[in-house]
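A quick write-up on the structure given underneath.
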Amino acid sequence: MKFLKFLFVGIFFGIVLVKSEAVSWYRIFEMFKFQSFHMYGIIGTAVGLGALFIFLLKKFKVKNIEGELIAIPNKNKSIARYLIGGSIFGLGWALAGACPGPMYILLGTGVFSMVLVILAAMLGTFVYGLLKNKLPH
Amino acid sequence: MDFLLQPWPWYITGPLIAITMLFLILFGKTFGMSSNLRTLCTISGADKYADFFKFDWKSQRWNLTVVLGAIIGGFIATQFLSNGTPIALSEATITDLQAFGFTNIGEKLVPDEIYSWDSILTLKGLAIIIVAGFLVGFGTRYAGGCTSGHAISGLSNLQLPSLIAVIGFFIGGLIMTHFILPLIF
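Residue numbers (this note's numbering), protein chains in the order written: chain A, 1 to 137; chain B, 1001 to 1185.
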């Protein structure tokens, strides 16, 4: 039962991303070509409202369902890992036209060849895990 | 109910994505899809090869459940909430893709030129798919997050590392779209 709420969040997320067309390769191409406001509108309103939510949750000391104060863990300070890792991801995002969320969602829409992308992404994650200590972070 | 079957505008879907994040925060979790790839590696036995994969994957079952839901959500959206409206891409985008030799632009969510089995079962097509997935998997873990974890959650929380990561996303994305895709297609 405790997992049911996460299933519903996932279903909601999947529906929203398909109906927004953010799962579309074409929309990602268009975004990186700066030829439409569509994706910037989605990300901009998501971040704007998201920032307001987090501000209000902290201001009013809202607790989560576990009874703990809302605290979002800070990410480690670094430039190299975010800039290099981010750029590598960006290359893949623009080629696949899908980031990790949409990969799964597209599988549900019937793009079964996405299984190969997911397997390749697992391989990429695995190789990162092997090389982690040798990379600048 | 007809508006539900049309594509939903950005000023509706952007806030709905923020609400997805809000629910996960209220449930005591964080919004991040790429970490599931690490969990799937561990389940597949990667913990025998690198310490990075030695963690209690069962603590991530909630996130795998979100993934399962997302797959179901994708199914529901296309089967019951769509009327086959083509994607309203800009004229400039359509012209650029026609120059690549793409056809039926925007009629499906993804182009047949990349995702149809006919395309994938060629050496070039298979290489595109494998390289793309590999870069996403390697890059997200190196950067410690993807669009959901950095661009949405991280920026909403005003975290500088996430801003640097998003700048990286655009460096890579712009290089691919403007310089490499024209060489491939």
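Note that CB positions come from ideal geometry on N, CA and C, so glycine has one too.
Confirm, please, whether the CB-CB distance from glycine 1073 (chain B) to glycine 129 (chain A) is below 8 Å.
-> no
By a C-beta neighbour count over all protein chains shown, 10 Å radius and 16 as the cutoff for buried, is methionine 1001 (chain B) buried or exposed?
-> exposed
With 8 Å set as the bound, which would you pick, yes or no: does the beta-carbon of leucine 69 (chain A) sit closer than that to a beta-carbon of chain B?
-> no
Kindly indicate if chain A contains any beta-carbon less than 8 Å away from that of glycine 1101 (chain B).
-> no
Roughly how many angstroms lie between the CA atoms of asparagine 1083 (chain B) and glycine 108 (chain A), to the nearest whole one?
-> 17 Å
Give, in chain order, every unbroken run of the alpha helix (DSSP H) that is at least 4 residues long and sits entirely within the stretch 93-136 of chain A.
-> 100-109, 114-131
CA nearest to the CA of valine 1136 (chain B), picked from A:Phe126, A:Phe29, A:Gly92 | A:Gly92
Go ahead and pull the three-state DSSP assignment for lysine 1029 (chain B).
-> coil
Note down the Cα distance separating glutamine 1098 (chain B) from isoleucine 1017 (chain B), rounded to an integer number of angstroms.
-> 32 Å
Between proline 1182 (chain B) and the rest of its own chain, which residues show a CB-CB distance below 8 Å, the 5 nearest in sequence each way excluded?
-> Phe1100
Going by CA-CA distance only, name the one from A:Arg81, A:Gly90, A:Phe112, A:Val62 that's closest to phenylalanine 1023 (chain B).
-> A:Val62
Mind checking isoleucine 1128 (chain B): buried by the 16 CB within 10 Å criterion, or exposed?
-> buried
Range of the contiguous alpha helix (DSSP H) that encloses isoleucine 1115 (chain B) = Here residue 1115 (chain B) turns out to be tyrosine, not isoleucine, going by the sequence shown. Where tyrosine 1115 (chain B) is concerned, the enclosing alpha helix (DSSP H) stretches over 1112-1115.
Straight-line gap, serine 1035 (chain B) to valine 16 (chain A) (C-alpha atoms, nearest Å) | 21 Å
Who pairs with leucine 69 (chain A) in a beta bridge, going by DSSP?
-> A:Lys63
Below 8 Å between beta carbons: does that hold for glycine 6 (chain A) and tryptophan 1062 (chain B)?
-> One detail in the question is off: residue 6 (chain A) reads as phenylalanine in this sequence, not glycine. Cβ distance < 8 Å, so phenylalanine 6 (chain A) and tryptophan 1062 (chain B) count as in contact.
Between the stretch 119-126 of chain A and the stretch 20-34 of chain A, do three or more beta carbon pairs fall short of 8 Å?
-> no
Residue range of the alpha helix (DSSP H) that includes aspartate 1096 (chain B) | 1091-1099
Taking histidine 137 (chain A) as the reference, give the member of A:Tyr104, A:Ile88, A:Ile79, A:Val127 with the closest Cα.
-> A:Ile79
Does leucine 1123 (chain B) have its Cβ less than 8 Å from a Cβ in chain A?
-> no
Is the shortest distance between the beta-carbon of lysine 132 (chain A) and the beta-carbons of chain B less than 8 Å?
-> yes
Within 10 angstroms of the Cβ of proline 1007 (chain B), are there 16 or more other Cβ atoms? Answer buried if so, exposed if not.
-> buried
Cα-Cα separation, phenylalanine 139 (chain A) to cysteine 99 (chain A) | The structure shown does not extend to residue 139 (chain A), since chain A is modelled only from 1 to 137, so the question has no answer here.
For chain A, find out if any of its Cβ atoms is closer than 8 Å to the Cβ of tryptophan 1057 (chain B); answer yes or no.
-> no
In the structure shown, what three-state DSSP assignment does lysine 33 (chain A) receive?
-> coil
When you compare only the Cα positions, how much space is there between phenylalanine 55 (chain A) and valine 47 (chain A)?
-> 12 Å
Within 10 angstroms of its Cβ, does proline 73 (chain A) collect 16 or more other Cβ (buried), or is it exposed?
-> exposed
Compare the Cα-Cα distances from phenylalanine 12 (chain A) to each of B:Phe1003, B:Leu1081, B:Tyr1049, B:Arg1038 and report the closest residue.
-> B:Leu1081
For the candidate residues A:Ala94, A:Phe89, A:Thr45, A:Gly10, whose alpha-carbon lies nearest to that of phenylalanine 34 (chain A)?
-> A:Ala94
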